[in-house]
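S.K.: Before we start, here is the structure in question, set down as structure tokens.
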Amino acid sequence: MGQETNTREYKKYKKESQVREIWRRFRKSRVAMIGLILLACIILVAIFADVITPYERAIEQHGADRFTPPCGQYLFGTDHLGRDMFARIVHGSRYSLLIGISTSLLSLVIGGLIGAFCGYYGGAFDNLVMRLMDVLMSVPPVLLSLAVVAALGADLKNLLVAMTISCVPGTVRLVRSVVISVADQDYIEAAHSYGGGDWRIILKYVLPNAMGPIIVSTTMNISAMILSAAGLSFIGMGVQPPAPEWGSLLNESRAHMFEAPYLLYVPGICILLTALGFNLVGDGLRDALDPKLKD
Amino acid sequence: MTRYVLKRLLLTIPVLLGTIFLVFTIMSLTPGDPGTLILGATAKAEDIAKLNAEFGYDQPFFARFFNYVGDIVLHFDFGESYRTRAPVFDEILARFPNTLRLALLSMVISSAIGTFLGIYSAVKQYSFVDSFMTVMAMVFACMPGFWLGLMLMLLFAVRLQWLPVSGLENWQSYILPVVTSVLSGAAGTLRLTRSTMLETIRQDYIRTARAKGASERTVIWRHAFKNALLPVITSWGMGFGASLGGTIIIETVFAIPGLGTLIVTAIRQKDVPTVLACTLFLSVMFCLIMLVVDILYAFIDPRVKAKMK
């Protein structure tokens, strides 16, 4: 019994200290911490959106209060249908986070598996997949998403599909290259000689050791995905009104930019801050995970 | 060298074919057939069938695909628009110069500014200018381009009335769209150039160059920049891809008659041939630019040149 517990204890200790080590280094960067606090605030707003203000307020139309500039009752003013912009912005945070995080994670899972498989086995399959990725990457991402949305129709679900497809090739390439560099290491050889199955080795030894760059790029991807989702919604090819996604808020308010420019300021700043938050955290993680910068 | 260029050109053909196939497949997922789309669901069945046959829609998928590619290669024919029944290519040809001009202008200016400022930032690391640049680049990289465009429009076109609000009538109307996409494009190039330069400056051969008494300017431009150039050139190419993508959205902001606005309208009208052709056109542009980047690589990097021999 003794040895078993010891190993487990050791593993737990080791894992904890590694995370703690990374956290210690992450915390040292003031910019990264600003990003983290920013993100924490936005995520909290998204989680407690219903507590802050009920969803009804975001879609309720007050005909008498159309185009009210920001005031005590309507913190960010009202739009052309007399809807409370504050409530719309608060609830919009859910869309941006949902889209950004889910597309990045989805493409991480899909691209990660394909990339790991290709990098680990190489050969004809790898070649075929990489040529396919070349083709996918030869269409600029926004355009690829647009084509998918054009074919399937513009709504939230299709937007998620479209953006995941445009995000996968990059992930495949990244994971593949990291896996190739890890698969050469001696401990993988050792795992082989222990008789570990291929999938076990990939999932247990290769991927965890390749995690650093992958985590960083996923964080960065979230930021990029939030920006392109906003862009697609802005041209009416993403989340559809009346859903208060930030990009489509801008789309709706654009027609009234001369009489109510205040409607344009806040959604843009929200998109900017959310993307910035993920980007700063990603930068911080990159530095914290880089063993070369340990001191 | 010529052999390398030729080989690279030949390798582009399967990628282009693959791209056409990909976009064609995606677009053929569109529900409904051209007959129903044009005539409406209430039209007579034989009329719909007749129109479908006219568009070649009664044929199986692969036959349609090969016809499409054949028409493009042999007659430069991208099909007919479902809406106007005019050749799609005419509409594209009329609008393409606008998009190309915007994308190229933004790419050239943002590459130049981004690279130069990136080098400056790296050379003066930790200075005030460097911190300022880094922060600005971060902010502009995270700023949605269309929103930046709207804000610039509000300030310079609506409030100050220095520049036209939209359209592309004279050279002044290029300023706002180009500035919008330059600001986000330059931010990316700046960040990449800075980090690549910082890495290069720490190399031993830079120390050697300094030790042998080369002037700072020679060290930076001849030794450091030349070695940092490869990833930077890639970022120029990627920047072009980004500005093509960005142009689609920015064109909508400034109501510019280009491929971006064409594609958005075509999607709304379910005009599949137009969407298909626009997407192809822009993707081919992107492929060609990446081809140029690859060939530039060979000219610049002696390692690639050596491999070719």
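Those protein sequence lines, which keep their order, are chains P and B. Numbered by my numbering, the letters in the first sequence go through residues 5 to 299 in order. Numbered by my numbering, the letters in the second sequence go through residues 138 to 446 in order. Note that CB positions come from ideal geometry on N, CA and C, so glycine has one too.
#1: Val210(P) lies in the alpha helix (DSSP H); which residues open and close that run?
#2: Between Leu287(B) and chain P, is any beta-carbon pair separated by less than 7 Å?
#3: Does the distance from the C-beta atom of Ala234(P) to that of Ile169(P) stay below 7 Å?
#4: State the start and end residues of the unbroken alpha helix (DSSP H) segment that holds Cys75(P).
#5: Report the start-end ranges of each alpha helix (DSSP H) in the region 182–234 of chain P that is 4 residues or longer and not cut off at the edges.
#6: Looking at chain P, which residues of the region 386–398 of chain B have a Cβ within less than 7 Å of any of its Cβ atoms?
#7: Per DSSP, what are the beta-bridge partners of Thr82(P) in this structure?
#8: So which residues of chain P does Pro234(B) contact, with C-beta pairs closer than 9 Å?
#9: Taking the C-alpha atoms as reference points, what is the distance between Val448(B) and Ala403(B)?
#10: Can you tell which of Val421(B), Ala240(B), Pro197(B) has its C-alpha closest to the C-alpha of Gly376(B)?
#11: Which residues in the same chain as Ile312(B) place their Cβ atom closer than 7 Å to its Cβ, once the five residues preceding and following it in sequence are excluded?
#12: Look at the alpha carbon of Arg34(P) and the alpha carbon of Thr139(B), and state the distance between them as a whole number of angstroms.
#13: Would you please verify whether the beta carbon of Asn283(P) is less than 7 Å from any beta carbon of chain B?
#14: Of all the CB atoms in chain P, is at least one closer than 7 Å to the CB of Ile150(B)?
#15: Specify whether the region 284–292 of chain P and the region 27–41 of chain P touch according to this definition: at least 3 beta carbon pairs, one from each stretch, less than 8 Å apart.
#16: Would you please verify whether the beta carbon of Met280(B) is less than 7 Å from any beta carbon of chain P?
#17: Between which two residues does the alpha helix (DSSP H) containing Phe391(B) stretch?
#18: Is there a C-beta anywhere in chain P that falls below 7 Å from the one on Ser318(B)?
#19: Rounded to the nearest angstrom, how far is the Cβ of Asp138(P) from that of Val152(B), given a contact under 8 Å?
#20: So that I know if they touch, is there some Cβ in chain B lying closer than 7 Å to that of Ala272(P)?
#21: Strictly under 7 Å for the Cβ-Cβ distance: is Ala1(P) near chain B by that measure?
#22: For my contact list, Val179(P) and Ala120(P) are in at a C-beta cut-off of 8 Å; report their separation, rounded to the angstrom.
#23: Which bits of chain B does Ala292(P) rub up against, with CB to CB less than 9 Å?
#24: If distances are taken between C-alpha atoms only, which option among Leu253(P), Leu277(P), Thr278(P) comes closest to Tyr266(P)?
#25: So, for Pro217(P): in the same chain, excluding its five sequence neighbours on each side, which residues have a beta-carbon less than 6 Å away from its beta-carbon?
#26: Quick one: using the 10 Å Cβ neighbour count with 16 as the cut-off for buried, is Phe282(P) buried or exposed?
#27: Can you look up Pro171(B) in the DSSP assignment and give me helix, strand or coil?
#28: Could you tell me whether any Cβ in chain B is nearer than 7 Å to the Cβ of Ala233(P)?
#29: Under 6 Å from any heavy atom of the ligand GTP, does the C-beta of Phe418(B) make it?
#30: Please classify Cys171(P) as buried or exposed, where buried requires at least 16 other C-beta atoms within 10 Å of its C-beta.
#31: Counting only Cβ pairs nearer than 7 Å, list the residues of chain B close to Pro145(P).
#32: Determine the DSSP secondary structure at Glu191(B), reduced to helix, strand or coil.
#33: Could you tell me whether any Cβ in chain P is nearer than 7 Å to the Cβ of Pro291(B)?
#34: Could you say which of Glu306(B), Thr317(B), Cys279(B) lies nearest to Leu292(B) if we only look at CA atoms?
#35: Would you report the Cα separation of Phe277(B) and Lys208(P), rounded to the nearest angstrom?
#36: Kindly list, in the order they appear in chain B, the residues whose Cβ is closer than 7 Å to that of Asp138(P).
M.R.: Taking the definition as stated:
#1: Per DSSP, Val210(P) belongs to no alpha helix (DSSP H) and is neither H nor E.
#2: yes
#3: Contact: no.
#4: Where Cys75(P) is concerned, there is no enclosing alpha helix (DSSP H), given that its DSSP letter is neither H nor E.
#5: 190–197, 202–205
#6: Ile386, Thr389
#7: Asp88(P)
#8: What Pro234(B) touches in chain P: nothing, since even the nearest Cβ is about 19 Å away.
#9: Examination of residue 448(B) is not possible in this model, given that chain B is present from 138 through 446 alone.
#10: Ala240(B)
#11: Answer for Ile312(B): Leu300, listed in chain order.
#12: 52 Å
#13: yes
#14: no
#15: yes
#16: yes
#17: 363–391
#18: When Cβ-Cβ separations below 7 Å define contact, Ser318(B) makes no contact with chain P.
#19: 6 Å
#20: Contrary to the premise, residue 272(P) reads as Gly rather than Ala in this sequence. Gly272(P) counts as touching chain B.
#21: Any question about residue 1(P) goes unanswered here, given that chain P covers just 5 to 299.
#22: 6 Å
#23: Residues of chain B with a Cβ closer than 9 Å to the Cβ of Ala292(P) do not exist; the shortest Cβ-Cβ separation is about 16 Å.
#24: Selected option, being the one with the closest Cα: Leu253(P).
#25: Val182
#26: buried
#27: helix
#28: no
#29: In the structure on display, the ligand GTP does not appear, and there are no ligands present to speak of.
#30: buried
#31: Gly382
#32: The three-state reading of DSSP puts Glu191(B) in helix, counting H, G and I together.
#33: Here the sequence assigns Leu to residue 291(B), which means Pro is not the residue at that position. Leu291(B) counts as touching chain P.
#34: Here the closest residue by C-alpha is Thr317(B).
#35: 39 Å
#36: The contacting residues are Val152.
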